[in-house]
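Asker:
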Amino acid sequence: MALPLRLGKPWRPLVSDEVDRLPGQLGVYQIADASGAIVYIGQAGARSPFGLRSELQREAHERGTGHQFRVEVNMQYRTRWFELLMVHKADHGILPPDNAKNPPPLLGRLDPA
Amino acid sequence: MDFQPDTEQQMLIDLVRRFVREEIIPLEAKLDPDASELAPEDHARLVEKTKAMGLFGIDIPPQYGGPDIDIVTRTLLAIEMAQHRAGLYAPCYGTFGGAGLAQIFEANEDQKERYLYPTLRGEKKAFFGLTEPSGGSDPARAIQTRAERRDNGWVLNGSKIFISGADRAQYGIVFARTDAAKGRAGITCFILDAGTPGFYVRRVVHTLRSSSYATELEFKDCWVSDRQVLGEVNKGFAVANDRLTRQRIPYAAGCIGVAIAAHEMAVEWAKLRSTFGDKLANRQAVQWMLVDNEIDIRSARYFTLEAAEKARRGLPFRTEAALAKLIASEGGGRVVDRAMQIHGGMGMTKDLPLERWFREMRIRRVGEGPSEVQRMVVAREILGSSLR
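In order, the protein sequences belong to chains H and R.
Residue 0 is where the first sequence starts when you use numbering that gives the first Met the number 0, and the numbers rise one by one after that.
Residue 0 is where the second sequence starts when you use numbering that gives the first Met the number 0, and the numbers rise one by one after that.
(1) Just reading off the beta strand (DSSP E) that residue 54(R) is part of, what are its end residues?
(2) Hey, residue 126(R) and residue 164(R): beta-carbon distance below 8 Å or not?
(3) Using only alpha-carbon positions, find the residue among 167(R), 218(R) and 42(R) that is nearest to residue 153(R).
(4) For a cutoff of 8 Å on Cβ pairs, would you count residue 170(R) as touching chain H?
(5) Short of 7 Å in beta carbon distance, which residues of its chain neighbour residue 190(R), apart from the five on each side in sequence? Order them along the chain.
(6) At which residue ranges does the region 10 to 57 of chain H contain complete alpha helix (DSSP H) runs of 4 or more residues, listed in the order of the chain?
(7) Taking the straight line between their C-alpha atoms, what separation do you get for residue 79(R) and residue 19(R)?
(8) Report, in whole angstroms, the separation of the C-beta atoms of residue 94(R) and residue 49(R), which I expect to be a contact under 8 Å.
(9) Determine whether the beta carbon atoms of residue 65(H) and residue 32(H) lie at a separation below 8 Å.
(10) Comparing C-alpha positions only, which one of 321(R), 222(R), 84(R) and 359(R) sits nearest to residue 151(R)?
(11) Would the beta-carbon of residue 50(H) fall within 8 Å of that of residue 24(H)?
(12) Taking the alpha-carbon of residue 363(R) as reference, which of 322(R), 87(R) and 44(R) has the nearest alpha-carbon?
(13) Just checking, does the region 84 to 97 of chain H make contact with the region 31 to 41 of chain R on the three C-beta pairs under 8 Å criterion?
(14) In whole angstroms, what is the alpha-carbon distance linking residue 340(R) and residue 280(R)?
(15) Can you confirm whether residue 54(H), when its beta carbon is compared against all beta carbons of chain R, has any partner nearer than 8 Å?
(16) Which of the three DSSP states, helix, strand or coil, is assigned to residue 159(R)?
(17) Kindly provide the ranges of any alpha helix (DSSP H) runs that are 4 or more residues long and lie completely inside the region 50 to 114 of chain R, ordered along the chain.
(18) Under 8 Å, Cβ to Cβ, is there at least one residue of chain R near residue 81(H)?
(19) Check whether the region 232 to 249 of chain R touches the region 313 to 332 of chain R, counting contact only when three or more Cβ pairs, one atom from each stretch, lie closer than 8 Å.
(20) Hey, which unbroken runs of the beta strand (DSSP E) at 3 residues or more fall wholly within the region 331 to 386 of chain R?
(21) For residue 228(R), which of helix, strand or coil comes out of DSSP?
(22) Verify whether the separation of the beta carbon atoms of residue 10(H) and residue 67(H) is less than 8 Å.
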């Protein structure tokens with residue numbers, strides 16, 4: 000049984016009150032604009048001081064208001080991150096705009112059924 | 000057999016050891032603990048260094064421009080190249096170059112022009128498509144992907160799983176059943192361009208190896224011409240089998256390299272760490288763990304170099320390669336486990352490479368033929384051909 004390819008959790012507002020409650024675990028996350036369009040897919044790796052919480056706190060600080068987020072706790076944060084990027088590219092033809100500015104080298108291609 | 004390195008081998012070992020310690024490990028310290036790639040500019044800079052060392056493309060046969068280093072020496076160097084965090088699956092992050100898939104050297108001239116030479120120039124990457132959802136240990140019987148004759152070519156239908164690099168490759172080698180009645184004598188090997196209509200990389204397969212993923216492939220009315228048959232029709236299994244045997248030697252060498260690195264960490268820690276008023280190194284329980292590490296490493300090294308030596312001499316080495324793979328992957332796993340135990344809580348953290356080695360080493364008991372298959376290979380040798 001394959002795991003779900005896409006993150007399906009509801010969006011939460013990218014504000015301090017929300018992100019301060021996140022776990023300090025490793026994982027992946029998505030940032031969307033107010034309309035729900037994904038603008039960035041990120042990962043909280045082992046060098047993040049408090050995992051998802053510190054990554055999303057940084058995102059909230061840098062992006063300001065008007066954004067949303069959702070997370071997935073995942074020890075396989077690197078391969079899951081690559082997977083989410085490839086799925087997004089397969090769905091939309093391009094990477095999220097903030098990933099496209101600095102795309103990972105050697106990103107593969109995926110043809111999800 | 001005496002497997003002490005000669006002067007030239009020792010010089011090369013020292014060269015690679017210095018490269019790992021002075022170039023790879025400092026860069027690695029800045030990467031994510033599960034990273035398996037360097038920044039492109041760092042990779043390019045280190046490739047220039049390995050070229051200057053005369054060791055780039057070390058596994059490429061000399062007639063194709065490789066540095067003409069025998070397999071025993073290459074095995075000794077592979078042990079060195081694996082001695083860093085990513086070293087088991089990404090030794091030195093690929094800065095020593097690759098030779099591509101071994102099978103492609105068996106290609107005809109037209110295929111060599113289209114696939115082998117671009118691969119050796121670093122312009123193309125390939126995947127190896129053998130394992131299927133129906134199983135990987137017994138590919139001769141498990142392969143259900145079919146190739147049917149149509150329009151002066153072949154139409155492939157089926158799927159593959161646990162295929163590394165298929166999403167990034169420009170082409171791959173795919174095994175398909177071309178004669179359902181003939182068992183292992185009914186399998187053909189095809190070269191498949193990644194852009195071929197009907198070829199799909201369906202999903203990422205996440206494993207313990209969180210630094211890198213495998214993929215699942217689907218072939219749906221995927222037509223390839225006769226030009227894409229590698230070797231002869233219905234003789235593909237021999238191509239696969241030869242690769243599986245040869246691959247076991249460097250596979251074992253990687254396990255030994257990581258085991259040595261883990262053991263060295265454990266020895267160093269045991270001398271530093273005190274508990275209940277004495278160094279760990281003075282505790283018999285710890286001493287015995289270190290001795291058991293030494294036994295596992297030395298055994299694996301001996302069997303792996305024995306297989307390499309037989310291969311170097313052109314002698315049959317199937318049994319020796321199976322023993323090497325079995326002993327190095329199982330022993331290497333035990334060494335990493337003991338090193339973690341000696342390190343205590345720190346051994347479980349991502350601060351140290353031990354937890355990554357532990358996860359990746361576990362895969363080595365299954366990948367490239369599980370331990371049970373290696374034992375079957377050796378049992379056949381012991382008991383004779385009546386079991387085949």
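Don't be surprised by glycine CBs; every beta carbon is placed ideally from N, CA and C.
Answerer: To lay it out plainly:
(1) Taken as a continuous stretch (DSSP letters only), residue 54(R) belongs to no beta strand (DSSP E), as it is neither H nor E.
(2) Between residue 126(R) and residue 164(R), the C-beta gap is smaller than 8 Å, which places the two residues in contact.
(3) Of the listed residues, the one whose Cα sits closest to residue 153(R) is 218(R).
(4) By this cut-off, residue 170(R) is not an interface position.
(5) Result list for residue 190(R): 110, 114, 170, 172, 227 and 229, in chain order.
(6) Runs found: 15 to 18.
(7) Distance between the alpha carbons of residue 79(R) and residue 19(R) is about 8 Å.
(8) About 5 Å; that satisfies the 8 Å criterion.
(9) In this structure, residue 32(H) lies closer than 8 Å to residue 65(H) by Cβ.
(10) Relative to residue 151(R), the option among 321(R), 222(R), 84(R) and 359(R) whose CA is nearest is 222(R).
(11) Less than 8 Å separates the beta-carbon of residue 50(H) from that of residue 24(H).
(12) Of all alpha-carbon atoms in 322(R), 87(R) and 44(R), the one lying nearest the alpha-carbon of residue 363(R) is that of 87(R).
(13) Touching, no, given that fewer than three Cβ pairs across the two stretches are closer than 8 Å.
(14) Residue 340(R) and residue 280(R): Cα-Cα distance of roughly 13 Å.
(15) Chain R, which has no Cβ nearer than 8 Å to the Cβ of residue 54(H), makes this no.
(16) It is a strand residue.
(17) Qualifying alpha helix (DSSP H) stretches, in chain order: 70 to 80.
(18) True, the Cβ-Cβ gap to chain R drops below 8 Å.
(19) Result yes; three or more Cβ-Cβ pairs closer than 8 Å.
(20) Fully enclosed beta strand (DSSP E) runs of 3 or longer: not present.
(21) Secondary structure of residue 228(R) (DSSP, three-state): strand.
(22) In this structure, residue 67(H) lies closer than 8 Å to residue 10(H) by Cβ.
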